[in-house]
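*Asks:* Residues 20 to 272 (my numbering) make up the sequence shown, in order. Below you'll find the structure I mean.
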Amino acid sequence: MRLHESVTSTKDESSALPAALPRHVAIIMDGNGRWAKRRGLGRSDGHRAGAESVRAIVRMARRAGIGTLTLYAFSEQNWSRPATEVQGLFSLLVDFLASERDELRRHEIRLVAIGHTDKLPLPARLALRKVVDDTRAHTAMTLALCLSYGGREDLVQAARSLAEQVRAGTLDPATIDESTLARSLWTARLGGDPDLVIRTSGEQRLSNFLLWESAYAELVFSDVDWPDFREAEFLAALQAFAGRQRRFGAVAA
Ligand code: IPE
Ligand code: IPE
Ligand code: MG
């Protein structure tokens with residue numbers, strides 16, 4: 020099913036949505052391999068099923084009115100996987116971009132790619148560039164795909180960029196503060212830190228995801244593998260978020 024077939028929320032779904040929704044949701048989409056193994060399938064089958072969850076969750080986030088959805092699709096460390104798995108993941112990305120291009124346009128979703136995307140295979144880079152250019156002016160939702168991404172790698176490139184500005188004489192080190200650093204990160208394009216970070220598959224770690232940006236994110240861990248993470252599971256995570264009290268270091272009102 021494509022985005023446009025069901026972008027209007029059902030009465031049931033919208034009435035179940037909590038009032039306090041996160042503006043920015045970030046997801047560590049994990050468990051594709053284990054999902055496949057349990058079914059006697061190959062890891063690539065797990066990734067293909069995972070791509071269907073991406074479609075479902077993007078649709079639902081758009082319907083719910085979430086401002087930014089950031090998806091951890093491929094980490095810098097995932098390059099250490101077998102070459103065939105890596106190739107399969109990027110060919111799935113090309114298929115995803117081709118099949119969703121019209122829907123992203125129709126629903127005014129802006130696509131951004133975060134990470135060392137210059138390392139990606141050429142077909143993936145070209146497909147990404149096309150959809151990113153196509154959707155640049157959209158404002159209904161930002162969909163950020165983290166590709167060849169690592170939180171430490173982002174901090175390293177930001178440090179290098181600031182050091183170069185100091186060397187060029189355009190930046191005074193004494194003026195560097197949190198916002199200077201945040202503006203130098205790849206994630207500066209996302210318009211704010213994640214309010215909610217979800218990880219699927221039962222693992223409870225960040226695996227180098229949004230290390231700086233998650234300082235005050237609410238964390239929700241779901242035991243469900245990513246290929247099984249669909250509308251009901253997303254709704255449960257949004258409800259868990261709504262039940263949290265965020266204090267940001269202050270005393271509760
Ligand atoms: C998530 O599923 C997809 C990527 C990290 C690219 P995994 O491939 O990590 O699945 P598991 O963790 O081996 O089950
Ligand atoms: C994190 O999952 C990366 C993505 C979801 C893209 P991994 O499966 O690579 O993480 P680890 O190895 O379990 O920490
Ligand atoms: Mg994994």
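Glycine included, C-beta positions come from ideal geometry on N, C-alpha and C. Note that the structure is a prediction, hence the values are computed from the model and not measured.
1) Hey, which residues come within less than 5 angstroms of ligand 1, measuring from Cβ to any heavy atom, in chain order?
2) To the nearest angstrom, how far is the alpha carbon of leucine 108 from that of glycine 188?
3) In terms of residue numbering, what span does the beta strand (DSSP E) encompassing methionine 79 cover?
4) Which word fits tryptophan 98, buried or exposed, when buried means at least 16 other C-beta atoms lie within 10 angstroms of its C-beta?
5) Pick helix, strand or coil for glutamate 237, following the three-state DSSP scheme.
6) Relative to the alpha-carbon of histidine 126, which residue among Ala83, Val185 and Ser226 has its alpha-carbon at the smallest distance?
7) Quick check: the Cα distance between alanine 163 and arginine 144, rounded to an integer number of angstroms?
8) So, for glutamate 24: in the same chain, excluding its five sequence neighbours on each side, which residues have a beta-carbon less than 6 angstroms away from its beta-carbon?
9) On the three-pair Cβ rule with 8 angstroms, is the segment 213-230 touching the segment 165-184?
10) Is serine 180 helix, strand or coil by DSSP?
11) Spatial neighbours of arginine 265 within its chain, please: C-beta separation below 6 angstroms, excluding the five flanking residues on both sides.
12) For serine 198, does the count of other Cβ atoms within 10 angstroms reach 16, so buried, or fall short, so exposed?
13) For ligand 2, I want to know if glutamate 222 counts as a neighbour, meaning its beta carbon is within less than 7 angstroms of at least one of the ligand's heavy atoms.
14) Can you look up leucine 257 in the DSSP assignment and give me helix, strand or coil?
15) Rounded to the nearest angstrom, how far is the Cβ of serine 226 from that of tryptophan 245, given a contact under 8 angstroms?
16) Which word fits leucine 204, buried or exposed, when buried means at least 16 other C-beta atoms lie within 10 angstroms of its C-beta?
*Replies:* On the basis of the data shown:
1) What you get when you keep residues with a C-beta closer than 5 angstroms to any heavy atom of ligand 1 is Asp49, Gly50, Asn51, Gly52 and Arg53.
2) As a first step, residue 108 must be located in the sequence shown, where it is residue number 89. As a first step, residue 188 must be located in the sequence shown, where it is residue number 169. Using only the alpha carbons, I get a separation of about 42 angstroms.
3) For this step, residue 79 is matched to residue 60 along the sequence shown. Counting along the chain, methionine 79 falls outside any beta strand (DSSP E), though it belongs to the alpha helix (DSSP H) covering 62-83.
4) Taking the first residue of the sequence shown as position 1, residue 98 is located at position 79. Tryptophan 98 comes out exposed.
5) The sequence position of residue 237 within the sequence shown is 218, counting from 1. If DSSP states are grouped into helix, strand and coil, glutamate 237 belongs with the strands.
6) Working through the sequence shown from its first residue, we reach residue 126 at position 107. For the residues Ala83, Val185 and Ser226, the minimum Cα distance to histidine 126 belongs to Ala83.
7) By one-based count along the sequence shown, residue 163 stands at place 144. By one-based count along the sequence shown, residue 144 stands at place 125. Their backbone Cα atoms lie some 15 angstroms apart in a straight line.
8) Locating residue 24 in the sequence shown gives position 5, where the first residue counts as 1. Confidence in glutamate 24 is poor, its pLDDT being 45 and thus under 50, which makes the residue's placement unreliable; the coordinate value appears in the next sentence. Once the five neighbours on either side are set aside, glutamate 24 has no close Cβ partner at all.
9) The segment 213-230 vs the segment 165-184: in contact.
10) Taking the first residue of the sequence shown as 1, we reach residue 180 at position 161. Correct three-state label for serine 180: helix.
11) On the sequence shown, position 246 is the one that residue 265 refers to. Once the five neighbours on either side are set aside, arginine 265 has no close Cβ partner at all.
12) What you label residue 198 is simply residue 179 of the sequence shown in a count that begins at 1. So serine 198 counts as exposed.
13) As a working note, residue 222 is residue 203 in the sequence shown. Taking non-hydrogen atoms of ligand 2 into account, the C-beta of glutamate 222 is found less than 7 angstroms away from one of them.
14) Taking the first residue of the sequence shown as position 1, residue 257 is located at position 238. Three-state DSSP puts leucine 257 in a helix.
15) Position 207 of the sequence shown, counting from 1, holds the residue named residue 226. Position 226 of the sequence shown, counting from 1, holds the residue named residue 245. Not confirmed; about 13 angstroms, so no contact.
16) As a first step, residue 204 is located in the sequence shown; it is residue number 185 there, counting from the start. Classification for leucine 204: buried.
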